[in-house]
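First to last, the protein sequences are chains A and B. Read in order, the letters of the first sequence correspond to residues 48 to 500 in this note's numbering. Read in order, the letters of the second sequence correspond to residues 3 to 552 in this note's numbering. Glycine residues also receive a C-beta, built at the ideal position from the N, C-alpha and C atoms. In what follows, a structure is listed as structure tokens, so that the remarks can point back to it.
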Amino acid sequence: MSTTEAATETAPGLRVVQDATCTFCGCVCDDMELTVEGDRITKAKNACVLGKAWFFNHHVEDRPEALIDGQPAGYEQAMDRAAEILLSARFPLTYGLSDTTTEAQRVALAITDWIGGIVDTTTSVCHGPSGIAFQGVGEVTCSLGEVKNRADYVIFWGGNPAESHPRHFTKYSLMPKGEFVPNGRKDRTAVLIDVRKTKSAKAADHFLQVKPRRDFELAWALRALARGVELDPSIEETTGISLETLEEIMDGMKKAKFGVILFGMGLTMTRGKHLNSEAVLALARDMNEHTRWSAKPMRGHGNVTGADNVVSWSTGYPFGVHLGSGFPRFNPGEFTASDVLARGEADAALIIASDPMSNFSQPARDHLEGIPSVVLDPKLSDTARTASVAFTTSTYGINTGGTVYRMDDVPIPLRPAFDSPYKSDLEILRGIESRIRQRQLAESLPDPAASGA
Amino acid sequence: MSSLRITGGTIYDPANGIDGDVGDIWIVDGRIVEAPAEPDASADRTLDATGLVVMPGGIDMHCHIAGPKVNTARKMIPEEKRTAEPVRRTRLTRSGSGGSVPSTFATGYLYAGLGYTTAFDAAVPPLAARHAHEELEDTPIIDKGFYVMMGNNHYVMKQLAAGEPGRLKAYIAWLLQSTKGYAAKLVNPGGVEVWKSGGGNVHGIDETVDHFNVTPRQIIQGVASTVQELGLPHPVHIHCNNLGLPGNHATTMDTMKSLEGYRGHLTHIQFHSYDGDPDDQSTFGSRVPELSEYVNSHENLTVDVGQVMFANTTSMTGDGPLGYYLHQVTGRKWFSGDTEMEAGCGIVPIVYKQKSLVHALQWAIGLEWYLMVDDPWRIAMSTDHPNGGSFQAYPEIISLLMDRERRLEVLAGAPAAVSDRCTLKDLDREYSLNEIAIITRAAPARMLGLAHKGHLGPGADGDVTLYSPDDDIQRMFELPRYVVSRGEVIVDDAQIMRDTRGRTLYVEPEYDPDAVDDIQAWFEKTYSIQFRNYPVGDHYLQDPLVVPTS
């Protein structure tokens, strides 16, 4: 039952790790069989094309343990400097977290709490709107094994799993034979809703090409049909899909025994944002008046779901949390990283396993570049290049163990393939936290003489 | 070796027959010891407890504080969290949010602040056990554990239908070991599976669960007897079918009768004691007199109450169809989460109002239970936190139990019909401090089979709560003077003095290793994760304690 049991030495220098976990995307497939030669993975059985790229392209680069202002430095010195930067900040920002273990995320939360900063994750730039929608209407959902075992009607909306989550069809949602769908694909109806005909369309029985920026109207039309409200045929002009088709789809949805809507960023990041997610969550909820339906966001990063969970259990809120007043406050748009940076507010940043310099807005990047920052990344990312302290880290799932949460909140352990000479996010963050705590506790000790004790 | 002496307190230690005697308590290395024979013996630290009431640390045997459903509820209710009193960061302690579903750190501090040193989450789906342990590790100070939901588990139902008690026994033991859980929990046995497989529910313990061909009765009896055979410290922990529905008393009575010959714990019994027509809320009433009479005359049964208090709270349950029912009744936002092969989940925010006939009756029915079970050793205090109310309402409940006038005052503010439909106004009983110590400490410890908790005799955990006597009973229990955990003063005058981790309690019942092949074959066919990645590794438990089976 320990994580070591799964690794067997097959020849000198050659190891096979079974049931290893791929952290590349939110599928978090945990059935990898990795062949490891020295510090390279040479085979990754069961991995998809993205997973293979993830495993094969990982090799330990010869880089310094850390860079301080661009100059090579050792871990100890870099941790000292990182702690100094974070302690002297008045409005520090912690960001990223979606590509590291929950163990490391927990320490990042502790650091942010102790220094009274803001903590935000990549959720705020991917499925943040779904999180907000969730707070509005709730969610009827299920684990991926429920989809595998029961779903006889599957709708993919605003996503292209064939390319973004390549094993989703085969492992969870379309192909597998399940307890209540013994014939697998034959027992399921699949619908793809998207603005363009992607590779995923081939896997679907019905492709509904929604007009761009009209997802909300389409979801609302389906909600109306679910309730038995008569719709005007002009819905076709609005959404791009004929009333007849919509009625046919709704008929199938009502006749299903267990339906599920799996939605992607094509829904959440287009016009309407959280209103779109809310409409789709409400549609799945409403369908429970007829039969069982679920909805689920298709999460991208390997452990973004873990990040949501850790931020939530630590603070009570899922992302965009301000701890500067001594207790957690939540306000997306105010306390989310891209906004805090774009408004020029944060005066230091701790960036973990994320690369905002490559995807934030120009004003946010400009500000981030100008403030002291501490960056943890296995690669020399754009963000690491501009950091005051850039730590080289080992890679989660490949070099370090820990826990990741699959897109359906199922927590899965990691089985590392080989050791890295570099420290893990967890080790580095712990080093920074202990330095911060030593300083804080030393400075705030009451003076025994003054208190008369 | 560190030692603590608590001197001159008025001690309530019902498990050792001490009812208000003045004496000393000695704690060495976290455990209570006999007072040293030498008259001039000294301790590293002495607390002068003169005039203070001394009790063992409180034990919450049924609450929802960790795992996916609790965390989902946190994410779901920013509007409640925004107005709730937050837990502020201090030099030693982390910050957190409060309200009906506090964050993990806040949960630990708030329990400790009330003098509670142990709490058990009552409903964890096995697939999420790792998550629950991660949260418990971030729940400071208190000792903790959780119950594993298995009343709608496919393997359990299949073995019952196939008449394979040996396989069932091996599976339950394997499941508890794999999850590092403490007890076997049934939530609406069979009913959740019906809900998951197309909607609906079961409505009595003899309805057949489609596809699996078992009845709730078979599940209840099968798991009750297996738990007994395994010698688990806590008997089967049952959330009956038909929770919350008018007229559900019959199902509850059937469940109790089905346990004849077995030990069983019926949880949040308040929610299962209703008179009336299931389709007509206006017929709602109490059937506590006959149900409590049955409990009084059947020593194999214990209960906790699930008291409803008037406030904003969040309903969270492994009972998926119940979540749907509450969503329909309240019209509020709703979360439902089905876990493959194992369990369901429902979450709905809810407000209990004194002016509502149904809510006020639920409140009164809970109090009837406390007042009508003759033997306090067989009833434990709970709000089914946060379902009936927050654990932070315990001091208020204590004051209601100790003060009949206070009960009548609240009753006077409720709809007049409440008194026609229950017996509360006629109940004169007032709890003593000793009885309070039983239902909040000694009895839950005994029900849980925790020999080292709930009392102050030698060998017990050094968990002690000291209260300043006060005419205002609620205030007395809200603000303990000191709280001691494992021999260290954790709370001094409402200040957290140390941030400790607490222990995780779990069981390791033995099973036949040959039985695992069959479990594995089933698992690999059905689950979406690998068999080897299912068991929770030792490193998820910070400071584990295996409680022995008998």
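{"Query": "Are the Cβ atoms of residue 269 (chain B) and residue 278 (chain B) separated by less than 8 Å?", "Result": "no"}
{"Query": "Using DSSP's beta-bridge definition, name the partner residues of residue 351 (chain B).", "Result": "B:316"}
{"Query": "Going along chain A, which residues have a C-beta under 9 Å from residue 318 (chain B)?", "Result": "Chain A residues near residue 318 (chain B): none, gap ~12 Å exceeds 9 Å."}
{"Query": "Take residue 475 (chain B) and list the residues in its own chain whose beta-carbon comes closer than 8 Å to its own, dropping the five residues that flank it on each side.", "Result": "397, 400, 401, 404, 405"}
{"Query": "State yes or no: is the C-beta of residue 272 (chain B) within less than 8 Å of the C-beta of residue 176 (chain B)?", "Result": "no"}
{"Query": "What do you get for residue 483 (chain B), buried or exposed, if any count of 16 or more other CB atoms within 10 angstroms of its CB means buried?", "Result": "buried"}
{"Query": "Measuring CB to CB, does residue 193 (chain B) end up less than 8 Å from residue 243 (chain B)?", "Result": "yes"}
{"Query": "According to DSSP, is residue 356 (chain B) part of a helix, a strand, or is it coil?", "Result": "coil"}
{"Query": "Using 8 Å as the limit for Cβ to Cβ distance, is residue 389 (chain B) near chain A?", "Result": "no"}
{"Query": "Could you name the residues of the same chain whose beta carbon sits closer than 8 Å to that of residue 282 (chain B), not counting the 5 residues immediately before and after it, in chain order?", "Result": "248"}
{"Query": "Given this structure, state the Cα-to-Cα distance separating residue 486 (chain B) from residue 68 (chain B), to the nearest angstrom.", "Result": "23 Å"}
{"Query": "Just mark residue 311 (chain B) as buried or exposed, buried being the case when its beta carbon has 16 or more other beta carbons within 10 Å.", "Result": "buried"}
{"Query": "Between which two residues does the alpha helix (DSSP H) harbouring residue 413 (chain A) extend?", "Result": "409-417"}
{"Query": "Could one say the Cβ of residue 331 (chain B) lies closer than 8 Å to chain A's Cβ atoms, at least one of them?", "Result": "no"}
{"Query": "List the residues of chain A that residue 529 (chain B) touches, going by C-beta distances under 7 Å, in chain order.", "Result": "192"}
{"Query": "Under the rule that 16 or more other beta-carbon atoms within 10 Å means buried, what is residue 431 (chain B), buried or exposed?", "Result": "exposed"}
{"Query": "When you compare each of A:269, A:303, A:306 to residue 515 (chain A) by their alpha carbons, which one comes out closest?", "Result": "Outside the modelled stretch of chain A, which goes from 48 to 500, sits residue 515 (chain A), for which no answer is possible."}
{"Query": "Could you work out which residue in A:340, A:215, A:462, A:79 is closest to residue 305 (chain A) when comparing CA atoms only?", "Result": "A:340"}
{"Query": "Consider the Cβ of residue 343 (chain B): report whether some Cβ of chain A lies at a distance smaller than 8 Å.", "Result": "yes"}
{"Query": "Could you tell me the distance, in whole angstroms, from the CA atom of residue 115 (chain B) to the CA atom of residue 101 (chain B)?", "Result": "15 Å"}
{"Query": "Which ranges would you report for the alpha helix (DSSP H) in the stretch 208-246 of chain A if only whole runs of at least 4 residues count?", "Result": "208-211"}
{"Query": "Should residue 480 (chain B) be labelled buried (16 or more other beta-carbon atoms within 10 Å of its own) or exposed?", "Result": "buried"}
{"Query": "Starting from residue 106 (chain B), trace the alpha helix (DSSP H) in both directions and tell me its first and last residue.", "Result": "106-115"}
{"Query": "Taking residue 242 (chain A) and residue 353 (chain A) to be in contact with their CB atoms under 8 Å, please state how far apart those CB atoms are, rounded to whole angstroms.", "Result": "Actually they are not in contact, since the Cβ atoms of residue 242 (chain A) and residue 353 (chain A) sit about 30 Å apart, beyond 8 Å."}
{"Query": "Residues in the same chain with beta-carbon distance under 8 Å from residue 251 (chain B), minus the five sequence neighbours each way, listed in chain order, please.", "Result": "274, 275, 276, 277, 289, 292, 293"}
{"Query": "Who does residue 185 (chain B) pair with in a DSSP beta bridge?", "Result": "B:149"}
{"Query": "Indicate whether at least one CB of chain B lies closer than 8 Å to the CB of residue 50 (chain A).", "Result": "In this prediction, residue 50 (chain A) has a pLDDT of 42, which is less than 50 and means its spatial position is unreliable; what the coordinates show is noted afterwards. For residue 50 (chain A), the answer is yes, since a Cβ of chain B falls inside 8 Å of its Cβ."}
{"Query": "Going by other Cβ atoms of all chains shown within 10 Å of its Cβ, with 16 needed for buried, is residue 428 (chain B) buried or exposed?", "Result": "exposed"}
{"Query": "Just grab the DSSP bridge partners of residue 90 (chain A) for me.", "Result": "A:82"}
{"Query": "What distance in whole Å lies between the Cβ atoms of residue 174 (chain A) and residue 72 (chain A), which are believed to be in contact at a cut-off of 8 Å?", "Result": "That pair is no contact at about 13 Å."}
{"Query": "Rounded to whole angstroms, what is the Cα-Cα separation between residue 129 (chain B) and residue 529 (chain B)?", "Result": "10 Å"}
{"Query": "Any contact of the stretch 530-545 of chain B with the stretch 200-209 of chain A, i.e. 3+ C-beta pairs under 8 Å?", "Result": "no"}
{"Query": "According to the Cβ coordinates, are residue 76 (chain B) and residue 103 (chain B) closer than 8 Å?", "Result": "yes"}
{"Query": "Going by the beta-carbon positions, is the gap between residue 324 (chain A) and residue 176 (chain A) smaller than 8 Å?", "Result": "yes"}
{"Query": "Report yes if the C-beta distance between residue 46 (chain B) and residue 105 (chain B) is below 8 Å; otherwise report no.", "Result": "no"}
{"Query": "Can you tell me which of A:79, A:432, A:218, A:358 puts its alpha carbon nearest to the alpha carbon of residue 178 (chain A)?", "Result": "A:358"}
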